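Student: Residue numbers (this note's numbering), protein chains in the order written: chain X, 116 to 354; chain A, 630 to 894; chain P, 128 to 385. Glycine included, C-beta positions come from ideal geometry on N, C-alpha and C. Every value quoted in this text rests on a predicted model; they were computed, and no experiment measured them. I have a structure I would like to understand better, so I am pasting it below and will then ask my questions one at a time.
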């Protein structure tokens, strides 16, 4: 396990994103930045859903992308979990079947997959939802189920794209702490895209601030607060 | 949801439209010779036409599902194709919708008939002839009804959130696994309504069938063909057959509608 | 100018409805001039060529008169007439069909037989299956098209086959004689039973194999004026014209004299 080592450039229309990310195993890096800074595009590139213009992505010693030699591993074989702002639970499957989905896709037997799924739900404190249908659970619960679903196949890299942004303020706090517990149990690396500095403070070991397609500053929240490099950073982390 | 009342001017044409659609069926029902209906329906010709129609329409629907769902998926993802190729594909799917079915039947004859483009070599190589057989009925029905299914499923696929597919892929699902286990279930309502439309259209198919498959009791004479021939000599039996066709279609539409309302509730 | 209606049954019905409107509108004018007016004719599909020619000549001799022809299977036309379709003259492909209309009390006077037709075997050009007579229709390896028994050509065919003791094995029973002929012309069947006049009308696209048994079951074509005729005098004039002055046209088309 050597974590993520990514140096990539993406071009979309006139927009260019250049990003360098080194994440040790078990660490959480937050990509923080205003709308349109390129954070979500960066996640898409790491997931293999957005083609790279140049660069190389290595995850735990395995080359996922190398534009120079024409390597690009399919999204399904990258061992990269991806969570969105909406839970996107599969509506035709029960909660437990949703969490078991990745295990089943990996070849696990149905009974084994469902048992493992139940364990993950228990760990995240929502074991009682196992038999529920997605439409029967609340927004906050759904987002926790989505986290369990993303963690269950034990991806080497977990991508979280604004996972709390769609939630009401009262629920957000609770789900955030659930997320923190979940991430502690995740041995792989995690990249969290957010525009909320509180998410970054609570969940991340390191913050990378992205503006206009570039990383303008990186460090712990305290370090950013101590020496903000741009007006945006100082607005996010007021001294 | 607050909403304003409809402008009054819409009511009159709407009422005329309903009458135009419903009154012919009412007239049909009032003319049914109820006392003899049972005997007319139990006649061997009626029963064999009914069974043939149900069997061929089911087979056509199955064929449309097996071939049409993949076609719908291709169409739904064809936006990045070059425009001429995309238009050609779409035309191939929609032309049978607007083509008079008789013309479709002639086209099928010219392709698969004994002198046809494919039919002639097929016969000389294998001895198989397609026209005037039950499979020819299924082919004619599939030709006419599959576009309904394809367009319904394509619409549902376009309406589905593509991020579900991305999530499935990120969980390690191959493209096929994701399509089968996530995308298809997501569009199940569109799939079912497309299949129902397809089935009822196949059940009512007349022009392409009589042209391409002919009309032989028990082999190719489906309910609509039998009803049309009945009109020549025995209008009563034609009316009863038409009623039967109407009843089967209504039962299929209503029962599936209920099923999906319950699932959606 | 003469308007010509499409042959398909539905279209004929629609056309008949339109003609109905038109003749209602013209009704007041029809009484004033003896020479002007419209005759609406429902006729069996096998009379298409002859009646079109006769109608042209009739109109040429009477300026201002127009003949509107609607062709279709005669059973279907009879059904439309009993359902109230407006027409002045009916020419059927069998006495039985005319009887349906007569029994409904729709005729003004008696019907007159104007022509006679006999069945013939139609085969694709070159007669690829080597059909020589009625007995060939029992060969199971051949593709055979007949009219359904519910239409006149099928009823005649079934009588002819029964009289000859031939057990035909049809692959399809079509709704009218033109549909049988089409399948012969397309080469989809090896043989079909149609009228001699149909073979003649097909030109080179089909050839005929006459057979002696056909003469035993000739088909008569009666014509009659309907009692709802808007201009009965003109309608009778046209029916008489077809019966008396039309003989040579019928013979050219392959009909026999009654």
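1) Nearest by alpha-carbon distance to residue 267 of chain X: which of X/242, X/216, X/247, X/120 is it?
2) So, residue 293 of chain P versus residue 327 of chain P, is the Cβ gap smaller than 8 angstroms?
3) Short check: CB of residue 281 of chain X to CB of residue 332 of chain X, under 8 angstroms?
4) So residue 331 of chain X is in the beta strand (DSSP E); what residue range does that whole segment cover?
5) Spatial neighbours of residue 341 of chain X within its chain, please: CB distance less than 6 angstroms, with the 5 preceding and 5 following residues excluded, ordered by chain position.
6) With a cut-off of 8 angstroms on the beta carbons, I'd call residue 249 of chain P and residue 321 of chain P a contact; round off their distance for me.
7) Can you look up residue 269 of chain P in the DSSP assignment and give me helix, strand or coil?
8) Where residue 252 of chain P and residue 336 of chain P are concerned, what is the direct C-alpha to C-alpha distance, given to the nearest angstrom?
9) Leaving aside the five residues before and after residue 815 of chain A along the sequence, list all residues of the same chain whose C-beta is less than 7 angstroms from its C-beta, in chain order.
10) Which runs of the alpha helix (DSSP H) fall wholly inside the segment 272-304 of chain P and span at least 4 residues, in chain order?
11) Using DSSP with H/G/I as helix, E/B as strand and the rest coil, what is residue 165 of chain P?
12) Mind checking the segment 757-787 of chain A against chain P and listing, in chain order, the residues whose C-beta falls within less than 8 angstroms of any C-beta there?
13) Consider the Cβ of residue 235 of chain X: report whether some Cβ of chain A lies at a distance smaller than 8 angstroms.
14) Counting Cβ pairs, one atom from each stretch, are 3 or more of them under 8 angstroms apart for the segment 740-747 of chain A and the segment 757-769 of chain A?
15) When you check each C-beta in the segment 796-807 of chain A against every C-beta of chain X, which residues fall closer than 9 angstroms?
16) Starting from the N-terminal side, write out each stretch of the beta strand (DSSP E) that is 3 residues or longer and does not extend beyond the segment 265-321 of chain X.
17) Against chain X, with Cβ distances strictly below 8 angstroms, would residue 818 of chain A count as a contact?
18) Under 7 angstroms between beta-carbons, which chain C residues line up against residue 220 of chain X? List them in chain order, please.
19) I'd like to know whether the C-beta of residue 266 of chain X is nearer than 8 angstroms to at least one C-beta of chain A.
20) When you compare each of X/172, X/132, X/196, X/185 to residue 298 of chain X by their alpha carbons, which one comes out closest?
21) Tell me which residue opens and which closes the alpha helix (DSSP H) that residue 107 of chain X is part of.
22) Between the segment 276-296 of chain P and the segment 354-367 of chain P, do at least 3 Cβ pairs fall closer than 8 angstroms?
23) Leaving aside the five residues before and after residue 766 of chain A along the sequence, list all residues of the same chain whose C-beta is less than 7 angstroms from its C-beta, in chain order.
24) Going along the chain, which residues of its own chain have a beta-carbon closer than 8 angstroms to the beta-carbon of residue 253 of chain X, five neighbours each way excluded?
25) Could you give the DSSP three-state label for residue 248 of chain X: helix, strand or coil?
26) For residue 661 of chain A, which residues from the same chain have a beta carbon less than 8 angstroms from its beta carbon, with the 5 sequence-adjacent residues on both sides left out?
27) If you follow the beta strand (DSSP E) that residue 198 of chain P is in, where does it begin and where does it stop?
28) Quick one: list the residues of chain P neighbouring residue 738 of chain A, beta-carbon separation under 9 angstroms, in chain order.
29) If you measure beta-carbon to beta-carbon, which residues of the segment 738-755 of chain A are closer than 7 angstroms to chain P?
30) Mind listing which residues of the segment 843-863 of chain A have their C-beta closer than 9 angstroms to chain P's C-betas, in chain order?
31) Given that residue 839 of chain A touches chain P, what residues does it touch there, using C-beta distances under 9 angstroms?
32) May I ask you to report which of helix, strand or coil DSSP gives residue 747 of chain A?
33) Measure the beta-carbon distance from residue 165 of chain X to residue 323 of chain X and round it to whole angstroms, keeping in mind my assumption that it falls under 8 angstroms.
34) Who are the near neighbours of residue 202 of chain P in its chain, counting only those whose CB is closer than 6 angstroms to its CB and skipping five residues on each side?
35) At which residue ranges does the segment 147-213 of chain X contain complete beta strand (DSSP E) runs of 3 or more residues, listed in the order of the chain?
36) Which partner residues of residue 319 of chain P appear in the DSSP bridge assignment?
Tutor: With the given structure in hand:
1) If you number the first chain from 1, residue 267 of chain X lands on position 152. Scanning X/242, X/216, X/247, X/120 for the CA closest to the CA of residue 267 of chain X turns up X/216.
2) The residue labelled residue 293 of chain P in the question sits at position 166 within the third chain. The residue labelled residue 327 of chain P in the question sits at position 200 within the third chain. Their beta carbons are not under 8 angstroms apart, which means residue 293 of chain P does not touch residue 327 of chain P by this criterion.
3) Within the first chain, residue 281 of chain X is the residue found at index 166, counting from 1. Within the first chain, residue 332 of chain X is the residue found at index 217, counting from 1. Cβ atoms of residue 281 of chain X and residue 332 of chain X: not closer than 8 angstroms.
4) Reading the first chain from its first residue, position 216 is the one you call residue 331 of chain X. Residues 329-334.
5) Counting from 1 along the first chain, the entry for residue 341 of chain X is found at position 226. Same-chain partners within the cutoff: there are none.
6) Taking the first residue of the third chain as 1, we reach residue 249 of chain P at position 122. Taking the first residue of the third chain as 1, we reach residue 321 of chain P at position 194. That pair is a contact at about 5 angstroms.
7) Counted from its first residue, the third chain places residue 269 of chain P at position 142. If DSSP states are grouped into helix, strand and coil, residue 269 of chain P belongs with coil.
8) By 1-based counting over the third chain, the position of residue 252 of chain P is 125. By 1-based counting over the third chain, the position of residue 336 of chain P is 209. Between residue 252 of chain P and residue 336 of chain P, the C-alpha separation is close to 11 angstroms.
9) In the second chain, the residue the question calls residue 815 of chain A occupies position 186. Closer than 7 angstroms at the Cβ level, and outside the excluded window around residue 815 of chain A, lie 789, 793.
10) DSSP runs (the alpha helix (DSSP H)) wholly in the segment 272-304 of chain P: 279-291.
11) Here residue 165 of chain P corresponds to residue number 38 of the third chain, with the count starting at 1. Three-state result, residue 165 of chain P: strand.
12) Residues of the segment 757-787 of chain A with a C-beta less than 8 angstroms from any C-beta of chain P: 758, 760, 761, listed in chain order.
13) Within the first chain, residue 235 of chain X is the residue found at index 120, counting from 1. No, residue 235 of chain X does not count as interfacial toward chain A.
14) yes
15) 796, 797, 798, 799, 800, 801, 802, 803, 804, 806, 807
16) If only complete runs of 3 or more residues are kept, the segment 265-321 of chain X shows the beta strand (DSSP E) at 272-276, 304-309, in order along the chain.
17) The sequence position of residue 818 of chain A within the second chain is 189, counting from 1. No, residue 818 of chain A lies away from the interface with chain X (no Cβ there is under 8 angstroms from its Cβ).
18) Although the question refers to chain C, the structure presented lacks it and instead comprises the protein chains X, A and P.
19) Taking the first chain and counting its residues from 1, one reaches residue 266 of chain X at position 151. No Cβ of chain A is located within less than 8 angstroms of the beta carbon of residue 266 of chain X.
20) In the first chain, the residue the question calls residue 298 of chain X occupies position 183. Selected option, being the one with the closest Cα: X/196.
21) Here chain X comprises residues numbered 116 to 354, so residue 107 of chain X is not present and cannot be evaluated.
22) no
23) Numbered from 1 along the second chain, position 137 holds the residue referred to as residue 766 of chain A. 685, 838, 842, 849, 851, listed in sequence order.
24) Residue numbering aside, residue 253 of chain X sits at position 138 when the first chain is read from its first letter. Cβ within range, chain order: 286.
25) Sequence index remark: in the first chain, residue 248 of chain X carries index 133 (1-based). Three-state DSSP puts residue 248 of chain X in coil, outside helix and strand.
26) Counting from 1 along the second chain, the entry for residue 661 of chain A is found at position 32. Answer for residue 661 of chain A: 868, 869, 872, listed in chain order.
27) Walking along the third chain from the start, residue 198 of chain P turns up at place 71. Counting along the chain, the beta strand (DSSP E) containing residue 198 of chain P begins and ends at 192-199.
28) One-based indexing of the second chain puts residue 738 of chain A at position 109. Ordered by position in chain P, the residues that pass the 9 angstroms Cβ test against residue 738 of chain A are 310, 313, 315.
29) Those residues of the segment 738-755 of chain A that come within reach of chain P (Cβ to Cβ, closer than 7 angstroms) are 738, 742, 743, 744.
30) Within the segment 843-863 of chain A, those residues whose Cβ lies closer than 9 angstroms to any Cβ of chain P are, in chain order, 843, 844, 845, 846, 848, 849, 850, 854, 857, 858, 859, 860, 861, 862, 863.
31) The count along the second chain starts at 1 and reaches residue 839 of chain A at position 210. Residues of chain P passing the Cβ test: 299, 301, 302, 306.
32) Along the second chain, read from residue 1 onward, the residue named residue 747 of chain A stands at position 118. Note: residue 747 of chain A maps to coil in three-state DSSP.
33) Locating residue 165 of chain X in the first chain gives position 50, where the first residue counts as 1. Locating residue 323 of chain X in the first chain gives position 208, where the first residue counts as 1. That pair is no contact at about 18 angstroms.
34) Taking the third chain and counting its residues from 1, the one referred to as residue 202 of chain P is at position 75. 224, 278, listed in sequence order.
35) 169-174, 177-181, 195-198
36) The residue labelled residue 319 of chain P in the question sits at position 192 within the third chain. Paired residue(s): P/249, P/272.
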